[in-house]
Amino acid sequence: MNLEDELRSAFKRREPSPDFTERVLARVAAAPGRREPRPWIRWAVPIAAALLLAAGSLEYRHYQGERAKTQVMLAVRIAGSKLNKAQKKVQMLTHRSNS
Amino acid sequence: MEFSGLVRQHQAMVFSIAWHMLRDRAVAEELAQDVFLSLHQHLAEMESPEHVLFWLRRVTGNRALDEARRRQRRPMVSLENAPEPVAVTATGDPLLGTALRKLVAALPEKARAIVVMRYQEDLDPTEIARVLGIPVGTVKSQLQRALALLREKLSRSLGEIGI
C-alpha cells in the first residue's frame, strides 16, 4: 500500500450541491453596496494625474521665466547705475583738464 | 471569463478544500459561498486565470484554517488518541479513504491544511508555502511529521489484524 497514493485518492475533489452556483449568484445579486467600478474611472484617474503634472510643470517653467526676467532687470539696473557713476567721473576729469 | 463561469470552474476545488479541512458539508458550502462572494468583490483586481486560481486557494485555505481554529475550541481527539482506522489494503478503497480523512482531520489545523493542499491540490511544498503564507521549511517538516504519524497509525492497525 502506498500511503501517498491512498491520500491522493482519499482527498479527491468533490462537487458541492447541484444548486451551489445558483445560490452563489443569488447571494451576489442580493449583496448590498459594492458595484463594479465604472470603466471610465480606470482611465480618468491616470489622465487627471497626468494633466495635473503637466499644468504644474508649465506653471513652474513660467515661474522660472519670471524669476530670470527679474534677475536680468536687476542686473541691467545695477549696470546702468555703475555706468552713470563712471560717466560722471569721466565728465568731471574732462572738465578739470579743460580748465 | 464571466463570474458564473468562474464559480462553475472552481466550485469543486473551493468546496473540497473547505470540506476536507472542516469535515462538515453545510459549513464547507457556506464557507465556499463566502469565498466566491469575496471573489466577486475583488474581480476587477484579478489579472489572469492563474491569479484567480491562486487567490481562491489562498483565501479558501486561510478561511478554512480560521474556521477550523474556531471549531477547535470544542474538544477534539488528537491524532495520537484518534481511533485506529478500519484496515483495508486495496488502493483507493473507500473505507481506507474514510479512515485517512478521519486521521487527517485529527491533525493540527496547519498540518491539515498542508496535507489538503498537497494531496487534493497536488501542490509542491514551495507552492503550498506561497498559498498559506508560511515558510517552505515549515511545510516540509509538518508534511513529513504528518505522514510519519499517519503511517504509524495505519501500520499499527494493519499489524493488529496480521496483514
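As you go down the protein sequences, you meet chains A and B in turn. To get the working numbering, take the position in the first sequence, counting from 1, and add 3. To get the working numbering, take the position in the second sequence, counting from 1, and add 1435. Glycine included, every Cβ here is placed at the ideal spot set by N, Cα and C.
So, is the C-beta of Ala1517 of chain B closer than 8 Å to a C-beta in chain A?
For the purposes of this step, residue 1517 of chain B is taken as the residue at position 82 of the second sequence. Low confidence applies here, because Ala1517 of chain B scores a pLDDT of 46, under 50, leaving its location unreliable; read the following figure in that light. Ala1517 of chain B does not count as touching chain A.
Return the residue from the list A:Arg80, A:Ser20, A:Leu28 and A:Asn5 that minimises the CA-CA distance to Leu1472 of chain B.
Taking the second sequence and counting its residues from 1, one reaches residue 1472 of chain B at position 37. Comparing Cα-Cα distances from Leu1472 of chain B to each of A:Arg80, A:Ser20, A:Leu28 and A:Asn5, the minimum goes to A:Leu28.
Pick out whichever of B:Glu1556, B:Leu1538, B:Ser1439 and B:Glu1480 has its Cα sitting closest to the Cα of Arg26 of chain A.
In the first sequence, residue 26 of chain A corresponds to position 23, counting from 1. Selected option, being the one with the closest Cα: B:Ser1439.
When you compare the CB positions of Val1566 of chain B and Arg1492 of chain B, do they come within less than 8 Å of one another, or not?
Here residue 1566 of chain B refers to the residue found at position 131 when the second sequence is read from its first residue. Here residue 1492 of chain B refers to the residue found at position 57 when the second sequence is read from its first residue. Contact: yes.
Which two residues bound the contiguous alpha helix (DSSP H) that contains Ala29 of chain A?
For the purposes of this step, residue 29 of chain A is identified with residue 26 of the first sequence, where counting begins at 1. Counting along the chain, the alpha helix (DSSP H) containing Ala29 of chain A begins and ends at Phe23 to Ala33.
Are three or more beta carbon pairs between the region 1456 to 1469 of chain B and the region 81 to 96 of chain A nearer than 8 Å?
no
With DSSP collapsed to three states, give me the class of Leu1558 of chain B.
Taking the second sequence and counting its residues from 1, the one referred to as residue 1558 of chain B is at position 123. In the structure shown, Leu1558 of chain B sits in coil (DSSP, three-state: anything other than H, G, I, E or B).
In three-state DSSP terms, what is Leu10 of chain A?
Taking the first residue of the first sequence as 1, we reach residue 10 of chain A at position 7. Three-state result, Leu10 of chain A: helix.
By Cβ distance, which residues of its chain are closer than 6 Å to Trp1454 of chain B, with the 5 residues on each side in sequence left out?
Numbered from 1 along the second sequence, position 19 holds the residue referred to as residue 1454 of chain B. Ala1463, listed in sequence order.
Take every Cβ of the region 1444 to 1452 of chain B, pair it with every Cβ of the region 1480 to 1491 of chain B, and state whether three or more of those distances are shorter than 8 Å.
yes
Among the candidates B:Val1449, B:Leu1441, B:Met1456 and B:Ser1451, whose CA atom is the shortest distance from the CA of Lys1545 of chain B?
Walking along the second sequence from the start, residue 1545 of chain B turns up at place 110. Residue B:Met1456 is the option with its Cα nearest to Lys1545 of chain B.
Cα-Cα separation between Ala71 of chain A and Tyr63 of chain A, rounded to whole angstroms:
Taking the first sequence and counting its residues from 1, one reaches residue 71 of chain A at position 68. Taking the first sequence and counting its residues from 1, one reaches residue 63 of chain A at position 60. So the two alpha carbons sit approximately 12 Å from each other.
Would you please verify whether the beta carbon of Glu69 of chain A is less than 8 Å from any beta carbon of chain B?
One-based indexing of the first sequence puts residue 69 of chain A at position 66. Chain B, which has no Cβ nearer than 8 Å to the Cβ of Glu69 of chain A, makes this no.
Within its chain, find whatever has a CB closer than 7 Å to the CB of Ser1451 of chain B; leave out the 5 residues flanking it on each side and keep chain order.
As a working note, residue 1451 of chain B is residue 16 in the second sequence. The answer, listed in chain order, is Gln1555.
Would you say Leu1500 of chain B faces chain A, with C-beta separation under 8 Å as the test?
Within the second sequence, the letter at position 65 stands for residue 1500 of chain B. No - not a single Cβ of chain A is within 8 Å of the one on Leu1500 of chain B.
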